[in-house]
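Student: Numbering (the working numbering), first residue to last: 244 to 345.
(1) Tell me the rounded alpha-carbon separation between residue 322 and residue 303.
(2) Might you give, ordered along the chain, the residues of its own chain that have their beta carbon closer than 8 angstroms to the beta carbon of residue 266, omitting 5 neighbours on each side?
(3) Between which two residues does the beta strand (DSSP E) containing residue 298 stretch?
(4) Closer than 7 angstroms by C-beta to residue 299: which residues in its own chain qualify, once you throw out the five before and the five after it? Chain order, please.
Now the structure itself:
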């Protein structure tokens, strides 16, 4: 069992593992066709919302949570901030890969 104090470290490890897996799909030619034509993940923005939502994997609530007797929107939680940092890292990695592939 994971102690509550260890949870952020476990989530960080999972996030790093996911990032490395997605990066490998993008950079290591998994279909072995010799072309730079594979991406680890695609993300679509629809109605101002990211449809590839992994925020719950970082411990963010699904829409609302209750903290100290008050309702808190998911986007206002520290866990959601960690999710956004992960998504930023994905985007920056993609942008860098795109820039070097031209």
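Beta carbons are placed, not taken as given, at the ideal position from N, Cα and C, and that holds for glycine.
Tutor: Put simply:
(1) So the two alpha carbons sit approximately 5 angstroms from each other.
(2) 283 and 336
(3) Taken as a continuous stretch (DSSP letters only), residue 298 belongs to no beta strand (DSSP E), as it is neither H nor E.
(4) Its chain contains 305 as the residues whose beta carbon lies nearer than 7 angstroms to that of residue 299, once the 5 sequence neighbours on both sides are disregarded; these appear in chain order.
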